[in-house]
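A short worksheet on the structure shown next.
2 protein chains.
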Amino acid sequence: MGEKLIVIGGTAAGLSAASKAKRVKPDMEITVFEKSGYISYGACGLPYFVGGMIDSPDDLVSLTVDQVTNKRGIPTYIHHEATKIDREHKTVTVVNLDSGEESVHPYDKLVIATGARPIRPNIPGIDADGVYYLRTVEDGIRLKAVVQAEGKKRAVIVGGGFIGLEVAEEMALSGVEVHVYELMPRLLPFLDESFSQLVRDTLEQHGVHVHTGCGVEAVLEQDGKACGVRVTGGEELAVDFVLMSIGVVPNSELARDAGLALGIKGTIAVDDELRTSDPDIWACGDCVQMKNRITGEAVHVPLGTTANKQGRIAGDNVAGAHDTFKGVLGSMVTKVFDLYISATGLSLDQAKKAGFDAVTSMITKGDRASYYPGSRDNKICLVLDRKTGRLLGAQGVGSESIAGRINVFVAAITCGMTVSEVNELDLVYAPPVAPVYDPILIAASQAMKKVDRQEG
Amino acid sequence: MGEKLIVIGGTAAGLSAASKAKRVKPDMEITVFEKSGYISYGACGLPYFVGGMIDSPDDLVSLTVDQVTNKRGIPTYIHHEATKIDREHKTVTVVNLDSGEESVHPYDKLVIATGARPIRPNIPGIDADGVYYLRTVEDGIRLKAVVQAEGKKRAVIVGGGFIGLEVAEEMALSGVEVHVYELMPRLLPFLDESFSQLVRDTLEQHGVHVHTGCGVEAVLEQDGKACGVRVTGGEELAVDFVLMSIGVVPNSELARDAGLALGIKGTIAVDDELRTSDPDIWACGDCVQMKNRITGEAVHVPLGTTANKQGRIAGDNVAGAHDTFKGVLGSMVTKVFDLYISATGLSLDQAKKAGFDAVTSMITKGDRASYYPGSRDNKICLVLDRKTGRLLGAQGVGSESIAGRINVFVAAITCGMTVSEVNELDLVYAPPVAPVYDPILIAASQAMKKVDRQEG
Numbered sequence: 491m492g493e494k495l496i497v498i499g500g501t502a503a504g505l506s507a508a509s510k511a512k513r514v515k516p517d518m519e520i521t522v523f524e525k526s527g528y529i530s531y532g533a534c535g536l537p538y539f540v541g542g543m544i545d546s547p548d549d550l551v552s553l554t555v556d557q558v559t560n561k562r563g564i565p566t567y568i569h570h571e572a573t574k575i576d577r578e579h580k581t582v583t584v585v586n587l588d589s590g591e592e593s594v595h596p597y598d599k600l601v602i603a604t605g606a607r608p609i610r611p612n613i614p615g616i617d618a619d620g621v622y623y624l625r626t627v628e629d630g631i632r633l634k635a636v637v638q639a640e641g642k643k644r645a646v647i648v649g650g651g652f653i654g655l656e657v658a659e660e661m662a663l664s665g666v667e668v669h670v671y672e673l674m675p676r677l678l679p680f681l682d683e684s685f686s687q688l689v690r691d692t693l694e695q696h697g698v699h700v701h702t703g704c705g706v707e708a709v710l711e712q713d714g715k716a717c718g719v720r721v722t723g724g725e726e727l728a729v730d731f732v733l734m735s736i737g738v739v740p741n742s743e744l745a746r747d748a749g750l751a752l753g754i755k756g757t758i759a760v761d762d763e764l765r766t767s768d769p770d771i772w773a774c775g776d777c778v779q780m781k782n783r784i785t786g787e788a789v790h791v792p793l794g795t796t797a798n799k800q801g802r803i804a805g806d807n808v809a810g811a812h813d814t815f816k817g818v819l820g821s822m823v824t825k826v827f828d829l830y831i832s833a834t835g836l837s838l839d840q841a842k843k844a845g846f847d848a849v850t851s852m853i854t855k856g857d858r859a860s861y862y863p864g865s866r867d868n869k870i871c872l873v874l875d876r877k878t879g880r881l882l883g884a885q886g887v888g889s890e891s892i893a894g895r896i897n898v899f900v901a902a903i904t905c906g907m908t909v910s911e912v913n914e915l916d917l918v919y920a921p922p923v924a925p926v927y928d929p930i931l932i933a934a935s936q937a938m939k940k941v942d943r944q945e946g
Numbered sequence: 491m492g493e494k495l496i497v498i499g500g501t502a503a504g505l506s507a508a509s510k511a512k513r514v515k516p517d518m519e520i521t522v523f524e525k526s527g528y529i530s531y532g533a534c535g536l537p538y539f540v541g542g543m544i545d546s547p548d549d550l551v552s553l554t555v556d557q558v559t560n561k562r563g564i565p566t567y568i569h570h571e572a573t574k575i576d577r578e579h580k581t582v583t584v585v586n587l588d589s590g591e592e593s594v595h596p597y598d599k600l601v602i603a604t605g606a607r608p609i610r611p612n613i614p615g616i617d618a619d620g621v622y623y624l625r626t627v628e629d630g631i632r633l634k635a636v637v638q639a640e641g642k643k644r645a646v647i648v649g650g651g652f653i654g655l656e657v658a659e660e661m662a663l664s665g666v667e668v669h670v671y672e673l674m675p676r677l678l679p680f681l682d683e684s685f686s687q688l689v690r691d692t693l694e695q696h697g698v699h700v701h702t703g704c705g706v707e708a709v710l711e712q713d714g715k716a717c718g719v720r721v722t723g724g725e726e727l728a729v730d731f732v733l734m735s736i737g738v739v740p741n742s743e744l745a746r747d748a749g750l751a752l753g754i755k756g757t758i759a760v761d762d763e764l765r766t767s768d769p770d771i772w773a774c775g776d777c778v779q780m781k782n783r784i785t786g787e788a789v790h791v792p793l794g795t796t797a798n799k800q801g802r803i804a805g806d807n808v809a810g811a812h813d814t815f816k817g818v819l820g821s822m823v824t825k826v827f828d829l830y831i832s833a834t835g836l837s838l839d840q841a842k843k844a845g846f847d848a849v850t851s852m853i854t855k856g857d858r859a860s861y862y863p864g865s866r867d868n869k870i871c872l873v874l875d876r877k878t879g880r881l882l883g884a885q886g887v888g889s890e891s892i893a894g895r896i897n898v899f900v901a902a903i904t905c906g907m908t909v910s911e912v913n914e915l916d917l918v919y920a921p922p923v924a925p926v927y928d929p930i931l932i933a934a935s936q937a938m939k940k941v942d943r944q945e946g
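These protein sequences, in sequence, are chains L and D.
Throughout the first sequence, residue numbering follows the numbering used here, covering 491 to 946 in sequence.
Throughout the second sequence, residue numbering follows the numbering used here, covering 491 to 946 in sequence.
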């Protein structure tokens with residue numbers, strides 16, 4: 491009989507871990523418990539499901555319970571919540587949320603992939619009907635119903651992070667009057683200020699109302715139903731519904747109650763092999779602490795790509811390997827309407843905080859040969875160490891091709907390249923896809939001017 | 491009085507060198523002589539000028555003679571051909587091609603940027619009217635006139651390299667019946683065979699006739715005008731005009747006659763600082779020998795990006811610096827109709843020849859989240875060293891985004907990354923621009939399976 495592995499959580503990290511472990515060690519007896527009604531779904535696609543670009547929630551799902559259970563041989567249960575880990579007896583207590591039935595399952599090894607949940611601010615009216623979140627497929631179905639309902643509606647989105655802005659786009663395209671409230675002085679504040687402004691301009695050009703430096707202090711209700719918000723300063727705005735999108739917190743209570751070590755911001759602490767403080771328990775995905783790949787500093791950057799990668803590594807290690815997760819750069823891309831925004835590595839503030847003598851360098855350059863039709867500007871802002879010229883971060887806005895360009899900087903930062911080394915890259919060129927000096931090279935070449943001249 | 495610098499050649503390399511030297515050392519007296527009637531033009535845009543997507547030849551020109559002469563302070567002469575370098579007396583003899591007048595110019599330093607010219611095969615009928623080349627703006631104007639002339643025409647393109655194929659696309663879109671003859675058994679033979687086939691399929695789907703393993707042995711003429719071709723095997727095809735596009739040879743006669751050392755394939759030999767065998771003479775661009783950045787082997791890969799980069803380096807060094815050109819990876823991208831093709835580094839054959847125990851690994855993956863509308867397949871073929879996992883080459887076909895993806899491999903190869911290190915890159919992700927596992931990561935992850943397992 492094989493070892494018993496229990497995996498708590500059946501989305502990106504958990505299912506990747508279970509699948510990997512099964513591939514490596516087919517005789518392992520693996521069981522997955524998932525609290526929600528869906529496994530293996532692309533949460534990052536939820537804004538586009540809400541907006542109607544994606545029809546069915548099933549389209550977001552890459553594997554069904556039946557496929558995982560019967561084809562992969564991994565019994566998988568939805569609507570099953572793990573409520574207790576007993577490390578002494580090596581059991582997990584699980585509640586069937588449909589029947590209320592409780593059961594206790596022994597394990598040899600355990601993977602915790604409980605993810606994160608939206609922050610629910612402690613403000614008046616937060617429990618009213620008409621206050622939405624967007625994290626699970628069920629959240630998406632609820633929000634889509636109200637967004638796509640007949641009639642003119644007004645919505646408030648609390649939080650101008652990139653998920654809030656993706657939903658703002660999709661709601662506006664669905665005919666909703668959208669107001670975004672962001673407590674920080676600008677949208678996406680990790681971006682260069684001019685880029686934040688471009689994002690705001692783009693949203694406003696498409697009819698989205700953006701309010702920065704302004705939070706929502708209360709949800710106003712009538713008969714238990716949200717009917718407005720009161721914002722910083724006391725002004726009130728009548729609305730039909732509210733989306734709370736001010737970030738997430740890790741679901742680490744189960745681990746904490748089992749006595750596992752925690753990290754920053756309530757995350758579960760893990761080593762590079764994603765092992766918790768208990769040698770038979772691994773954790774991965776949005777619930778764990780990560781490290782920044784440049785600074786080594788502990789961070790919590792819950793993203794789908796990381797969750798998937800960590801899941802595979804945890805699964806491999808559960809099956810006996812010693813793979814390590816190298817950390818995150820905080821790489822991201824998003825779009826609002828026709829503007830693509832992408833970033834990786836440290837922002838100027840982060841670089842300074844980490845002790846670098848950091849400066850930025852900014853360029854604007856067309857994404858094709860100037861004479862080739864359809865060229866659009868790419869703007870790139872590099873963050874670099876003034877003393878050594880080492881590249882620390884890169885941000886870009888412009889056409890879709892900015893994503894590929896930022897990915898080149900991901901590789902460059904990962905290798906510890908200087909801007910001068912980036913400037914020497916033999917990048918591809920043809921008029922329909924790039925100017926002869928790619929924006930990447932222009933950015934690097936301009937940034938070289940910010941580097942202290944070496945003597946002699 | 492400043493030093494006298496003469497630059498022979500006023501396109502990508504020559505004008506970059508002159509401009510850079512002037513910026514660094516403004517008191518240098520710089521003169522540029524260009525044989526053709528145009529300077530500073532984007533030769534890579536010529537196919538799109540011929541096809542009519544670009545209206546005027548002026549659109550291809552980024553700087554005029556007047557701008558360079560008067561704004562940059564670099565006297566520049568078109569239709570002036572350098573005919574002799576006298577190294578002993580440090581002079582260059584120049585002929586004004588309009589007046590026939592000859593003049594002799596003293597130099598302290600000299601930059602040779604004479605470029606390359608199309609190969610003119612020694613076959614019957616090659617001198618007939620109606621045999622075209624595409625290298626200079628003048629070539630483009632001539633070819634465009636016949637392509638865009640009224641009436642149904644049939645053309646033969648001799649050579650299925652990427653310039654030939656770009657022109658094939660543009661001619662077909664202009665209503666010309668196009669026949670491409672390629673002597674090699676397949677198009678773009680540095681590509682994986684399946685990619686060559688995809689290129690061929692795409693051309694044929696758009697009505698281009700592709701003949702591989704078949705060369706043109708004679709141009710048939712009537713009254714001095716090309717009226718057909720005779721191909722391998724003796725078959726004859728009636729045509730209205732012929733484009734010869736079988737590659738280029740470096741314009742190195744001037745350097746050779748001056749006694750400068752030559753490299754492979756008739757190139758001018760230069761060191762890493764782009765200095766020739768004469769310490770007062772630099773050479774750059776399509777006329778010089780380069781080295782492959784992976785193998786260090788001498789190569790001749792004449793491309794516009796390299797010419798521009800080398801020009802800057804030569805200009806900087808003429809002005810006293812000691813910049814080095816690091817070599818080429820042979821990075822390229824092109825498109826035929828809606829198929830984009832990109833490659834960098836070594837092909838399997840090149841890697842084997844260079845002594846690597848090389849293997850390839852191939853994947854197909856959508857370029858967006860599967861549920862996001864408009865996803866198109868990217869196919870990526872990696873070349874890697876079986877023993878170490880070191881990445882040696884990458885090729886891709888698919889949507890426009892393949893160019894950005896191959897550029898990530900450019901950075902990875904430049905840094906000497908293994909496929910396992912590529913697999914750990916924290917790339918950007920959002921459903922509209924990538925699947926959660928980017929095709930880059932899928933390619934790296936699949937390639938890892940080809941690497942010899944290390945002993946425990």
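A virtual CB, placed ideally from N, CA and C, is assigned to each residue, including glycine.
As the structure is a prediction and not an experimental result, all values here were calculated from the model.
- The DSSP-derived three-state label of ASN560 of chain D is helix.
- Contact between ALA745 of chain D and THR766 of chain D is confirmed by a C-beta separation of about 7 Å, below the 8 Å threshold.
- Contact between the segment 560-571 of chain D and the segment 668-686 of chain D is not established, with fewer than three Cβ pairs separated by less than 8 Å.
- As for any alpha helix (DSSP H) of minimum length 4 sitting wholly inside the segment 648-679 of chain L, the runs are 652-663, ordered along the chain.
- For VAL514 of chain L, the enclosing alpha helix (DSSP H) begins and ends at 502-514.
- The way I'd put it, the segment 751-761 of chain L does touch the segment 783-790 of chain L; three or more beta-carbon pairs between them come closer than 8 Å.
- For VAL584 of chain D against THR692 of chain D, the beta-carbon gap comes to about 46 Å, at or over 8 Å, which does not count as contact.
- Cβ proximity to chain L below 8 Å picks out MET543, ILE544, ASP549, LEU550, SER552 from the segment 543-569 of chain D.
- A straight-line Cα-Cα distance of about 38 Å links MET543 of chain L and VAL873 of chain D.
- Contact check for ALA748 of chain D and ARG577 of chain D: beta-carbon distance about 6 Å, within the 8 Å limit, so the pair qualifies.
- DSSP places ASN807 of chain D in no beta strand (DSSP E) but in the uninterrupted alpha helix (DSSP H) bounded by 794-808.
- For the C-beta of LEU915 of chain D, the chain L residues within less than 7 Å are, from N- to C-terminus, VAL900, ALA901, THR904.
- Three or more beta-carbon pairs separated by less than 8 Å link the segment 802-814 of chain D to the segment 771-787 of chain D, which places the two stretches in contact.
- DSSP places ASP691 of chain L inside the alpha helix (DSSP H), whose first and last residues are 683-695.
- By the 16-neighbour rule on beta-carbons within 10 angstroms, ALA809 of chain L is buried.
- With 16 or more other Cβ atoms inside 10 Å of its own Cβ, ASN741 of chain D counts as buried.
- Within the segment 520-544 of chain D, the residues whose Cβ lies closer than 7 Å to any Cβ of chain L are, in chain order, GLY532, CYS534, GLY535, TYR538, MET543, ILE544.
- Note that the C-beta distance between ILE496 of chain D and TYR597 of chain D is below 7 Å.
- Three or more pairs of CB atoms, one per stretch, sit closer than 8 Å, so the segment 676-693 of chain L contacts the segment 827-844 of chain L.
- The segment 865-882 of chain D and the segment 891-901 of chain D touch, with three or more beta-carbon pairs separated by less than 8 Å.
- Counting C-beta atoms within 10 angstroms of its own C-beta, THR904 of chain D has 16 or more neighbours from the protein chains shown and is therefore classed as buried.
- SER832 of chain L reaches chain D at VAL918, counting residues in chain order whose Cβ is nearer than 7 Å.
- For MET822 of chain L, the closest Cβ of chain D is nearer than 7 Å.
- Rounded to the nearest whole angstrom, the CA to CA distance from GLU725 of chain D to GLU640 of chain D is 28 Å.
- With a threshold of 7 Å between beta carbons, GLY894 of chain L makes contact with chain D.
- For ARG866 of chain L, no alpha helix (DSSP H) segment is defined, and its DSSP state is neither H nor E.
- Just measuring C-alpha positions, the residue of L:ASP588, L:HIS595, L:SER891 sitting nearest HIS570 of chain L is L:ASP588.
- For TYR927 of chain L, the neighbours in chain D by C-beta distance under 9 Å run, in chain order, THR795, ASN798, LYS799.
- Note that the C-beta distance between GLY630 of chain D and LEU536 of chain D is below 7 Å.
- When rounded, the separation of the alpha-carbon atoms in ARG880 of chain D and THR814 of chain L is 19 Å.
- Under the 10 Å beta carbon count, GLY718 of chain L is surrounded by 16 or more other beta carbons and is classified as buried.
- Ranked by how close their Cα comes to the Cα of LYS877 of chain D, the residues D:GLU591, D:GLU711, D:ASP847 have D:ASP847 in first place.
- By the criterion of a C-beta distance shorter than 7 Å, GLY906 of chain D is surrounded in its chain by ARG880, once the five residues flanking it on both sides are discounted.
- Within the segment 815-858 of chain D, the complete alpha helix (DSSP H) segments of 4 residues or longer fall at 838-843, listed in chain order.
- Taking a Cβ-Cβ cut-off of 8 Å, the neighbours of PRO921 of chain L in chain D comprise GLY532, CYS534, GLY535, TYR538, given in sequence order.
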